[in-house]
Structure formats: structure tokens, C-alpha cells
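Trainee:
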Amino acid sequence: MLYLDELGFIRIPIWFEDTRKWRNVWSAPVDSCDNYGKCGEFGICNLNNAQICSCLPGFEPKISSDEYWKDGSHGCVRKREKGDGFLKLEKVKLPNTSNARVAMSLGIKDCEIKCRNNCSCTGYASVDVDGSGCFTWFGDLIDIREFIDGEHDLFVRVDAIELGKHY
Numbered sequence: 001m002l003y004l005d006e007l008g009f010i011r012i013p014i015w016f017e018d019t020r021k022w023r024n025v026w027s028a029p030v031d032s033c034d035n036y037g038k039c040g041e042f043g044i045c046n047l048n049n050a051q052i053c054s055c056l057p058g059f060e061p062k063i064s065s066d067e068y069w070k071d072g073s074h075g076c077v078r079k080r081e082k083g084d085g086f087l088k089l090e091k092v093k094l095p096n097t098s099n100a101r102v103a104m105s106l107g108i109k110d111c112e113i114k115c116r117n118n119c120s121c122t123g124y125a126s127v128d129v130d131g132s133g134c135f136t137w138f139g140d141l142i143d144i145r146e147f148i149d150g151e152h153d154l155f156v157r158v159d160a161i162e163l164g165k166h167y
């Protein structure tokens with residue numbers, strides 16, 4: 001029997017005859033960052049930070065910082081409108097791909113060129129960790145998670161000022 005509890009967790013309980021009690025043997029999400037879109041658009045979730053939600057470099061909270069840090073789900077907006085380059089975010093879970101395009105024939109360098117040449121492109125990444133295949137995103141980047149030992153790198157379009165801060 002699978003059920004959704006009052007906190008939004010999906011659980012699978014099993015009846016244990018010896019104790020005559022139900023016990024959950026599986027539940028999801030496992031942690032807060034497993035909740036889809038926990039940190040909203042252009043936000044990133046990291047359980048190792050005091051505040052698990054933060055904005056991607058070059059972005060700021062959509063709402064006041066005080067309110068954002070309580071929840072994080074309202075997401076972030078670009079600090080400046082124009083994007084002049086790409087900032088590499090290492091060891092992340094890639095964003096939701098519903099607004100992404102895939103080109104399996106492109107490597108990472110050609111992927112960058114493809115994204116750079118389209119002003120609507122908000123980011124790009126390799127499909128495979130070996131650098132083959134190309135994801136390009138158009139619109140909001142959502143459901144990004146940072147890991148200590150993640151496998152993917154995500155390149156986010158930012159303005160030149162942000163590039164200068166991080167290089």
C-alpha cells in the first residue's frame with residue numbers, strides 16, 4: 001500500500017505481525033532538496049549550507065532576502081538583464097529538462113557556441129559526464145541541486161560583472 005501523508009511524503013508501510021504495528025519501509029522525498037523545485041527558479045539547493053537555498057551567481061531573490069531565507073521556494077531573478085558569458089557550476093544535479101533541447105552529436109565546446117549564439121539560451125551542459133551530448137536550456141532553470149561529489153557541470157549565462165567576480 002502506497003500513500004501520501006499530511007506532510008507530502010510518499011510512504012510504503014508494512015505490517016509487522018510480531019510487533020503488531022505498521023512501519024514505513026520506504027519514503028520519499030529523502031531530504032528537503034528532493035522536493036521538486038525546492039529553491040525555485042534560478043535557485044540552488046545544498047544541504048551542506050546553513051541556508052539550503054541560495055541564488056545562482058548573478059541572481060538575487062525575487063522577494064526580500066529575509067522572506068527568501070525562510071523558505072527559498074520563490075526563486076531568484078537576474079541581477080542585470082544582459083548575459084555576456086557562462087559561469088561553471090560544478091557537481092550539480094542538472095535542472096529540469098522540460099525547457100531544454102538535446103543535441104547528442106555536439107561536444108561541450110560546440111554546445112557553448114550553440115548556446116552563446118542564442119540570446120534566449122540560459123545555460124548548457126553535457127548530457128554525459130564524459131563530455132558528449134549537449135543540453136541547452138531556454139527559460140527558467142529549476143530544480144538544481146549541489147552535491148559534494150556530483151557528476152555534472154552546468155554553465156549558466158551571466159553578465160560580465162559576475163564573470164569577473166568568479167574568475
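Numbering (UniProt numbering), first residue to last: 1 to 167.
All residues carry an ideal CB built from backbone N, CA and C; glycine is no exception.
What does DSSP give as the partner residues of His-152 in its beta bridges?
Mentor: Within the sequence shown, residue 152 is the residue found at index 152, counting from 1. His-152 pairs with Val-92.
Trainee: Would you mind reading off the limits of the beta strand (DSSP E) that contains Arg-20?
Mentor: Here residue 20 is taken as the residue at index 20 of the sequence shown, counted from 1. First-last for Arg-20: undefined, no H or E at that position.
Trainee: Between the beta-carbon of Lys-91 and the beta-carbon of Glu-146, is there less than 9 Å?
Mentor: Taking the sequence shown and counting its residues from 1, one reaches residue 91 at position 91. Taking the sequence shown and counting its residues from 1, one reaches residue 146 at position 146. Contact flag set, yes.
Trainee: If you scan the region 106-155 from start to end, which runs of the alpha helix (DSSP H) of 4 or more residues do you find wholly inside it?
Mentor: Listed in chain order, the complete alpha helix (DSSP H) runs (minimum 4 residues) inside the region 106-155 are 108-116.
Trainee: Is the distance from the Cβ of Gly-131 to the Cβ of Gly-150 below 9 Å?
Mentor: The residue labelled residue 131 in the question sits at position 131 within the sequence shown. The residue labelled residue 150 in the question sits at position 150 within the sequence shown. Taking 9 Å as the Cβ cut-off, Gly-131 and Gly-150 do not qualify as a contacting pair.
Trainee: Taking 9 Å as the cut-off, decide whether the C-beta atoms of Lys-88 and Glu-162 are in contact.
Mentor: In the sequence shown, counting from the first residue as 1, residue 88 sits at position 88. In the sequence shown, counting from the first residue as 1, residue 162 sits at position 162. Going by C-beta atoms, Lys-88 is not nearer than 9 Å to Glu-162.
Trainee: Are Cys-111 and Cys-134 touching if we call contact CB-CB under 9 Å?
Mentor: In the sequence shown, counting from the first residue as 1, residue 111 sits at position 111. In the sequence shown, counting from the first residue as 1, residue 134 sits at position 134. Closer than 9 Å, so yes.
Trainee: Can you give the Cα-Cα distance for Asp-128 and Asn-96, rounded to whole angstroms?
Mentor: On the sequence shown, residue 128 is found 128 positions in, with the first residue counted as 1. On the sequence shown, residue 96 is found 96 positions in, with the first residue counted as 1. Each residue's alpha carbon lies about 16 Å from the other.
Trainee: Tell me, please, whether the CB atom of Gly-133 is closer than 9 Å to any CB atom in chain C?
Mentor: The chain inventory of the structure shown lacks chain C, comprising one protein chain alone.
Trainee: How many whole angstroms separate the CB atoms of Asp-153 and Ala-125, which I take to be in contact at a CB cut-off of 8 Å?
Mentor: Locating residue 153 in the sequence shown gives position 153, counting from the first residue. Locating residue 125 in the sequence shown gives position 125, counting from the first residue. That belief holds up - the Cβ atoms of Asp-153 and Ala-125 are roughly 6 Å apart, short of 8 Å.
Trainee: With DSSP collapsed to three states, give me the class of Ala-50.
Mentor: To locate residue 50, count along the sequence shown from 1; it is residue 50. The answer is coil: DSSP assigns Ala-50 none of H, G, I, E or B.
Trainee: At the level of alpha carbons, what is the spacing between Ala-160 and Gly-123?
Mentor: Along the sequence shown, one-based indexing puts residue 160 at 160. Along the sequence shown, one-based indexing puts residue 123 at 123. Computed Cα separation, rounded: 15 Å.
Trainee: Between which two residues does the beta strand (DSSP E) carrying Val-77 extend?
Mentor: By 1-based counting over the sequence shown, the position of residue 77 is 77. 76-78 is the span of the beta strand (DSSP E), which, as asked, contains Val-77.
Trainee: Go to Ile-44, then tell me how far its beta strand (DSSP E) extends in each direction, as first and last residue.
Mentor: Working through the sequence shown from its first residue, we reach residue 44 at position 44. Residues 43-45.
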